[in-house]
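Sequential numbering of the sequence shown, starting at 7, is according to our numbering.
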Amino acid sequence: MNDSAFNLRRLELERLIAVFSDSEKERIHRAFEIAEFTHAEQKRPDGEAYINHPLRVALTVLRDFRVVDADIVCAALLHDVVEDQSERLVATYGEEDDEHKALYVIERMFGHRVARTVKGLSNPEVVGSPEAKNIFYKEHVREAIQDEAVAVVELADFYDNAFRLDRVPAEKRPSFIAKYGPVIRDVWMPAIQSIKEGHPLFLAQEHISMQVKKVYTQLYE
7 MNDSAFNLRR LELERLIAVF SDSEKERIHR AFEIAEFTHA EQKRPDGEAY INHPLRVALT
67 VLRDFRVVDA DIVCAALLHD VVEDQSERLV ATYGEEDDEH KALYVIERMF GHRVARTVKG
127 LSNPEVVGSP EAKNIFYKEH VREAIQDEAV AVVELADFYD NAFRLDRVPA EKRPSFIAKY
187 GPVIRDVWMP AIQSIKEGHP LFLAQEHISM QVKKVYTQLY E
């Protein structure tokens, strides 16, 4: 792990959550600790320590999207825990009667809204050709982001995956473009344009729209 970069992000998280109440900050700290522990042995495709990913997603939610909602920040930090590390989560934080029920662990510790959001962010396993998987993924995102809290974290997650092609080995980039390009064009662009007042992303809508269009033009067209 690049400790200096990680430590800077961790300090930025502390700075950005200073506006929350003490109880909300405690929940966010707890979510970070669980994410750090459960992802401890996991790496990103480029070899980076995985914890940097949910940390960046949470920072995007707070800094770029200007969302001040402790549940959404907790869900951002925990968004891959159930999908990638459910057994480790249950083994460490669960009880005998909720084995293999990682979402129940999240709900018990953080409440129904966080658990529901994490569930919406967990991609189901799909069997089939790469093309079929990409179509399923696009429709999954389209459906999932009908939930506003899911939409916030899903977009921040998308930023950290689809907008960082420079970190992807050249031989793998065509598969990333095939997966993410149609989602930007057919799902995110119209969804961002349709955001109404009251949506958590409303204040940052114009900035997000410009950024998404710029990335699509530069990397995916």
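Using N, Cα and C, we set each Cβ at its ideal position, and we do this for glycine too.
Next item on the list: Starting from the Cα of leucine 68, find the closest Cα among Arg36, Arg33, Val25 and give me that residue.
Entry: Position 62 of the sequence shown, counted from the start, is the residue given in the question as residue 68. Closest by alpha carbon: Val25.
Note to self: Using only CA atoms, which one of Phe182, Val120, Val218 lies nearest to alanine 162?
What the structure shows: For the purposes of this step, residue 162 is identified with residue 156 of the sequence shown, where counting begins at 1. Out of Phe182, Val120, Val218, Val218 has the C-alpha closest to the C-alpha of alanine 162.
Check: Between the segment 180-189 and the segment 69-86, do three or more beta carbon pairs fall short of 8 Å?
Finding: Contact fails: fewer than three Cβ-Cβ distances are below 8 Å.
Check: In terms of DSSP beta bridges, what is lysine 49 paired with?
Finding: The residue labelled residue 49 in the question sits at position 43 within the sequence shown. Its beta-bridge partners are Ala55.
Checklist line | Closest Cα partner of methionine 115 within the set Glu160, Arg148, His35 | finding: By 1-based counting over the sequence shown, the position of residue 115 is 109. Closest by alpha carbon: His35.
Check: Expressed to the nearest angstrom, what Euclidean distance is found between the alpha-carbon atoms of glutamate 89 and methionine 216?
Finding: Position 83 of the sequence shown, counting from 1, holds the residue named residue 89. Position 210 of the sequence shown, counting from 1, holds the residue named residue 216. The alpha-carbon atoms of glutamate 89 and methionine 216 are separated by roughly 31 Å.
Check: What is the rounded straight-line gap between the Cα of proline 175 and the Cα of aspartate 28?
Finding: Start at 1 with the first residue of the sequence shown, and residue 175 comes out as number 169. Start at 1 with the first residue of the sequence shown, and residue 28 comes out as number 22. So the two alpha carbons sit approximately 42 Å from each other.
Next item on the list: Could you say if the segment 43-62 and the segment 118-138 meet the contact criterion of at least three C-beta pairs nearer than 8 Å?
Entry: No contact exists between the segment 43-62 and the segment 118-138.
Check: Is the beta carbon of alanine 150 less than 7 Å from the beta carbon of glycine 117?
Finding: Reading the sequence shown from its first residue, position 144 is the one you call residue 150. Reading the sequence shown from its first residue, position 111 is the one you call residue 117. No, the pair does not count as a contact, with Cβ atoms beyond the cut-off.
Check: Grouping DSSP H, G and I as helix and E and B as strand, with all else coil, what is phenylalanine 182?
Finding: Position 176 of the sequence shown, counting from 1, holds the residue named residue 182. Phenylalanine 182 falls in the helix class under three-state DSSP.
Margin query: Please state whether the Cβ-Cβ distance between leucine 83 and alanine 157 is less than 7 Å.
Written below: One-based indexing of the sequence shown puts residue 83 at position 77. One-based indexing of the sequence shown puts residue 157 at position 151. Their beta carbons are not under 7 Å apart, which means leucine 83 does not touch alanine 157 by this criterion.
Item checked: DSSP three-state assignment for proline 188, whether helix, strand or coil -> For the purposes of this step, residue 188 is identified with residue 182 of the sequence shown, where counting begins at 1. Three-state result, proline 188: helix.
Margin query: Taking the alpha helix (DSSP H) that arginine 122 belongs to, which residues open and close that run?
Written below: Taking the first residue of the sequence shown as position 1, residue 122 is located at position 116. Unbroken alpha helix (DSSP H) run through arginine 122: 118-127.
Next item on the list: Out of Gly204, Gln211, Glu30, Leu171, state which residue places its alpha-carbon closest to the alpha-carbon of isoleucine 198.
Entry: As a position in the sequence shown, residue 198 is number 192, starting the count at 1. Taking only the C-alpha atoms, the option nearest isoleucine 198 is Gln211.
Notebook entry, point to check: With DSSP run on the structure shown, which of helix, strand or coil describes arginine 36?
Noted result: Residue 36 sits at position 30 when you count from the first residue of the sequence shown. Helix, per DSSP.
Check: Can you tell me whether serine 128 is buried or exposed, with buried defined as 16 or more other CB within 10 angstroms of its CB?
Finding: Indexing the sequence shown from 1 puts residue 128 at position 122. The residue is buried, with at least 16 neighbouring Cβ atoms inside 10 Å.
Notebook entry, point to check: Three-state secondary structure (DSSP) at lysine 202?
Noted result: Your numbering for residue 202 matches position 196 in the sequence shown. It is coil, neither helix nor strand.
Checklist line | Minimum C-alpha distance to glutamate 227 - residue among Gly187, Lys139, Glu30 | finding: Along the sequence shown, read from residue 1 onward, the residue named residue 227 stands at position 221. Out of Gly187, Lys139, Glu30, Gly187 has the C-alpha closest to the C-alpha of glutamate 227.
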